[in-house]
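**Q** One structure follows; several queries about it will come next.
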Amino acid sequence: MGAEEIKKICDFLALMPNDAVTSADLVDPISGIVIQHGYYDHHIGDIYVSDQDILDYRSGIKQIPESVIKYAELHMK
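Note that the UniProt record's numbering numbers the sequence shown so that position 58 is 58, with each residue one more than the last.
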């Protein structure tokens, strides 16, 4: 998957409804610097993806799960 496609999917995921708020720190995956205190979990089909997950996907630290990719491809316009 190319960088443009990853960005497109991550942008879509970030716009999904917020279902929960956590008090954990949102950390930049490359620098390790705390970006903010607290972040959201987003309801993606039958799973949850957090703002931290999305940052990790953008940076390449974590791979986007296949189920999330399929959901995004079905619902992105």
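Where is the CB? At the ideal position from N, CA and C, for every residue including glycine.
Does Val34 pass the burial test, meaning 16 or more other C-beta atoms within 10 Å, or should it be called exposed?
**A** exposed
**Q** Are the beta-carbon atoms of Asp51 and Lys62 separated by less than 8 Å?
**A** The answer is no: Cβ separation not under 8 Å.
**Q** Near Glu5, what residues of its chain come up, given a Cβ to Cβ distance below 6 Å and the 5 sequence neighbours on each side ignored?
**A** none
**Q** For Thr22, tell me which candidate among Ser31, Tyr40, Arg58 has the shortest Cα-Cα distance.
**A** Tyr40
**Q** Let me know if Ala3 comes out buried or exposed under the rule of 16 or more other beta-carbons within 10 Å of its beta-carbon.
**A** Exposed, by the Cβ-count rule.
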